[in-house]
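Undergrad:
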Amino acid sequence: MKTDIRNREDIRLLMERFYDKLLTDKSISYLFTDVAKINLEEHFPVLVDFWDSILFQSDTYQKNAMKPHLDLHQQSPLEARHFKTWLGYFTATVDELFEGDKAELARQRATSIATIMQIKMIEIKNKI
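Going by my numbering, the first residue of the sequence shown is number 49, and it counts up by one from there.
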């Protein structure tokens, strides 16, 4: 039986499984490996802090989450298909691992994040 997302360890598991999916999909993996050149061992704690802040209202994430994505967009445009893929893998991973109020909140917030980031990228494109 699945449980709800309960703690940082659950968030870490979610992020590891989610990134396993992202990094095996060539339509999006290049953004992480070739463009952003993310070191996952350094990036996972940041992701855990971010989602811990969202799901448990902790103070663990104090940065501007939009800035690195805007910087990435300047290097390689983030398109609607990227957000759709990202969100699809995120929600699928949540559904595979968890059920409950926090799992639902994670899906809702991921949808909001993908939507807001996509709007910001369109705004940037329209200013050029």
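No residue lacks a Cβ here, since even glycine has one placed at the ideal position from N, Cα and C.
Just how far apart, CA to CA, sit I53 and V142?
TA: 9 angstroms
Undergrad: Do A84 and L120 have their CB atoms nearer than 8 angstroms?
TA: yes
Undergrad: What are the start and end residues of each continuous alpha helix (DSSP H) run of 4 or more residues lying completely inside the region 99-128, in chain order?
TA: 114-123
Undergrad: How about M165 and H117: do their beta carbons lie closer than 8 angstroms?
TA: yes
Undergrad: Answer yes or no: do F80 and L95 have a C-beta to C-beta separation smaller than 8 angstroms?
TA: no
Undergrad: Would you call the CB atoms of H130 and I170 closer than 8 angstroms?
TA: no
Undergrad: Using the beta-carbon count (16 or more within 10 Å), is Y137 buried or exposed?
TA: buried
Undergrad: Would D100 pass as a contact of R56 if the rule is Cβ separation under 8 angstroms?
TA: Their beta carbons are under 8 angstroms apart, which means D100 touches R56 by this criterion.
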